[in-house]
Amino acid sequence: MTLRAAIIGYGKMGQIRHEAMNRHGGFDVVCACDTHANFDADIPLVTDPTRVYDYDPDVVFCCVPNRMIPDVVCDALERGKHVFSEKPPGRNSDDVRRMQAVEARHPDLVLKFGFNHRFHDAIEDAKRMLDAGTMGDLYFMRGVYGKAGGANYAQNWRNDPSQSGGGILIDQGIHMLDLFLMFADHFSDVQSVVQRKFWTDVPVEDNAFALMKNDAGVVASLHSSATQWQHKFTLELYARGGFISVNGILSASGTYGTEVLNVALNRLDQDGNPIPNPESQEVRYTEDHSWDKEIAEFHAAIAEGQPVRCGTSQQALDVMTLVERIYAADADWPGQIAATATAG
Numbered sequence: 001m002t003l004r005a006a007i008i009g010y011g012k013m014g015q016i017r018h019e020a021m022n023r024h025g026g027f028d029v030v031c032a033c034d035t036h037a038n039f040d041a042d043i044p045l046v047t048d049p050t051r052v053y054d055y056d057p058d059v060v061f062c063c064v065p066n067r068m069i070p071d072v073v074c075d076a077l078e079r080g081k082h083v084f085s086e087k088p089p090g091r092n093s094d095d096v097r098r099m100q101a102v103e104a105r106h107p108d109l110v111l112k113f114g115f116n117h118r119f120h121d122a123i124e125d126a127k128r129m130l131d132a133g134t135m136g137d138l139y140f141m142r143g144v145y146g147k148a149g150g151a152n153y154a155q156n157w158r159n160d161p162s163q164s165g166g167g168i169l170i171d172q173g174i175h176m177l178d179l180f181l182m183f184a185d186h187f188s189d190v191q192s193v194v195q196r197k198f199w200t201d202v203p204v205e206d207n208a209f210a211l212m213k214n215d216a217g218v219v220a221s222l223h224s225s226a227t228q229w230q231h232k233f234t235l236e237l238y239a240r241g242g243f244i245s246v247n248g249i250l251s252a253s254g255t256y257g258t259e260v261l262n263v264a265l266n267r268l269d270q271d272g273n274p275i276p277n278p279e280s281q282e283v284r285y286t287e288d289h290s291w292d293k294e295i296a297e298f299h300a301a302i303a304e305g306q307p308v309r310c311g312t313s314q315q316a317l318d319v320m321t322l323v324e325r326i327y328a329a330d331a332d333w334p335g336q337i338a339a340t341a342t343a344g
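Going letter by letter, the sequence shown gives residues 1 to 344 in full-length UniProt numbering.
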């Protein structure tokens, strides 16, 4: 089945999604919308989002700033279109609930959010290994995801809370939180320190530290940073019988290094005690298949009725609620950003 697709927001992410659709072959991108329509493209470009519906799309890709996401998603669903939306899913959990309410009125339509990190080969392999049970129960996770701000950082809409809802945590750290939720589900306890230390001319955080625990006792620690001068992605998963680590992640920017998976099973001495520094096996990944896998799942959900496994609206609500709880857990963080959140 070939699906007619329209892209609203034809910046970096819109073009990445366009390329992935072309590789898939099951989409015909019929038009795109962007406020800047003065660049070359092999499709019609419009500046009014409602004009994309003149091209009769079956699906709409929403690649706009966070503030606009609920309006674009809800309008597309009400018009009977399947929707793929970028993360974050709006600025706060209320934005997600608004989209869920419209989704519930259209159960025949597919709504999927773009949390592509779940589809990285190293992450999928780590999940399969833990699910196999060889390592036993998961004990704790550590995640670091950070970058050095970026060009025009202070002027970027992502650092205007009225546009974005927050800073580095909601922009990038949300990916690591989504992975934590994939491995450990809901967190009942959340503690945090949220800071603005270097980028003092912006009203959002440049570092967030969080410590979380679920009802099974699994602990997760996160450091999300916009002052990570050497870009870094690290996810460590420690279980009773060994550990898995993912160091580096293949990204569009190409600045987080090679994606490397390390796996080790504990060795025990004659008394049954773990021997330090068990030998690990290393797997290196050279291609990022996450964009293609994500597009394939979206297409299969529409064309074949397959379930959406990653990027459901409930998963979007869960991770956005966790973001809010991290902001709220630091009583010293400015109230205009720290959302009122509960553990529910």
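Backbone N, C-alpha and C fix where the C-beta goes; we use that ideal spot for every residue, glycine too.
Asked	Found
Among F198, D269 and C33, which has the Cα closest to the Cα of G277?	It should be noted that the sequence gives Asn, not Gly, for residue 277. Taking only the C-alpha atoms, the option nearest N277 is D269.
For T234, report the span of its beta strand (DSSP E) as first-last.	K232 to A239
Using three-state DSSP, classify Q172 as helix, strand or coil.	helix
If we require 4 or more residues per run, which alpha helix (DSSP H) segments fall completely within the segment 5 to 46?	12 to 24
Confirm, please, whether the CB-CB distance from V190 to M212 is below 7 Å.	yes
Considering M99, what are the terminal residues of the alpha helix (DSSP H) in which it resides?	S93 to R105
Excluding five sequence neighbours on each side, which residues of the same chain lie with their C-beta closer than 6 Å to the C-beta of Q231?	Checking the sequence, you will find His at residue 231 rather than Gln. So the qualifying residues of the chain are K147, T255 and Y256.
With C-beta atoms as the reference, is L222 less than 7 Å away from G143?	yes
Just list the residues that DSSP pairs F198 with in beta bridges.	F198 pairs with nothing; no bridge assigned.
So the beta strand (DSSP E) M1 belongs to, where does it begin and stop?	Neither: M1 is in no beta strand (DSSP E) and is coded neither H nor E.
Would you mind sorting S192 into buried or exposed? The rule is 16 or more other CB atoms within 10 Å of its CB.	buried
Can you pull the DSSP bridge partners for S192?	A210
Can you tell which of S251, D330 and I302 has the C-alpha that lies nearest to the C-alpha of H120?	S251
Look up L222 in the DSSP assignment and give the residues it is bridged to.	G143 and A210
Going by C-alpha to C-alpha distance, which of K197, H18 and S224 sits closest to residue 351?	The question about residue 351 has no answer, for the chain in this structure spans 1 to 344.
For S280, which residues from the same chain have a beta carbon less than 7 Å from its beta carbon, with the 5 sequence-adjacent residues on both sides left out?	N262, V263 and A264
Have a look at P49, V283, D206 and A220 and flag the residue whose alpha-carbon is nearest the alpha-carbon of V246.	V283
Quick one: grab the DSSP three-state call for H299.	helix
Could you check where the beta strand (DSSP E) with A148 kicks off and where it finishes?	Where A148 is concerned, there is no enclosing beta strand (DSSP E), given that its DSSP letter is neither H nor E.
Over what stretch of residues does the beta strand (DSSP E) that includes Q281 continue unbroken?	Q281 to Y285
Are the CB atoms of D28 and T2 within a distance shorter than 7 Å?	yes
Please check the pair C63 and E78, which I expect to be a contact at CB under 8 Å, by giving their CB distance rounded to whole angstroms.	Wrong, their Cβ atoms sit about 19 Å apart, outside the cutoff.
Work out the CA separation of I174 and R23 for me, nearest whole Å.	27 Å
Have a look at M182, S93 and A132 and flag the residue whose alpha-carbon is nearest the alpha-carbon of M141.	M182
When the Cα atoms are used, what is the spatial distance from D56 to R4?	7 Å
Just reading off the alpha helix (DSSP H) that C74 is part of, what are its end residues?	I69 to E78
Give the DSSP-derived three-state secondary structure of K81 in the structure shown.	coil
So what's F113 in DSSP terms, helix, strand or just coil?	strand
In terms of residue numbering, what span does the alpha helix (DSSP H) encompassing L322 cover?	S313 to A329
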